[in-house]
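Throughout, our numbering is defined as the position within the sequence shown, counted from one, plus 120. Where a beta carbon is used, it is the ideal one built from N, C-alpha and C, also for glycine. Just so you know, these numbers come straight off a predicted model, no measurement behind them. Below: the structure, in structure tokens.
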Amino acid sequence: LRVGDRTMLVVTSGIARLDNRKFKDQFGGKPRMLDAAEVVEATSHPVGGVCPFGLPAPLPVYFDVSLREFEEVVPAAGATNAAVRIAPQRMVELTGAEWVDVCQR
């Protein structure tokens with residue numbers, strides 16, 4: 121996502137939807153989805169394959185609290201046909217991500 125000139129990765133539950141008001145309150149602006157080329161440029165991964173860890177360049181990573189509902193999650197692992205099973209808290213440990221509350225309940 122992009123807010124102004126800031127690019128960030130926000131990981132949510134697959135069934136969660138961003139809440140624009142919560143997002144704006146948290147990050148100070150309206151989120152804009154990146155296009156496919158921008159996603160590859162920022163992450164080196166294709167849309168549908170973006171992995172929250174192992175990113176090639178520093179990119180702020182945030183995990184929505186919707187992920188805490190699950191003991192394990194299955195994020196993409198760098199390709200559209202690759203995934204990894206992992207506990208949300210372990211992802212935080214690996215990425216240094218910050219928990220945020222930006223989705224609808």
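Between the C-alpha atoms of Trp-219 and Pro-195 there is a straight-line separation of about 16 Å. For Asp-125, the closest of Val-160, Leu-179, Ala-136 and Ile-135 by C-alpha to C-alpha distance is Leu-179. Ser-133 and Ala-199 have their C-alpha atoms spaced approximately 18 Å apart.
Listed in chain order, the alpha helix (DSSP H) elements of length 4 or more contained wholly in the segment 168-218 are 208-215. Counted as a single uninterrupted DSSP element, the beta strand (DSSP E) harbouring Val-130 occupies residues 129-131. When beta bridges are read from the DSSP output, Arg-137 appears opposite no residue.
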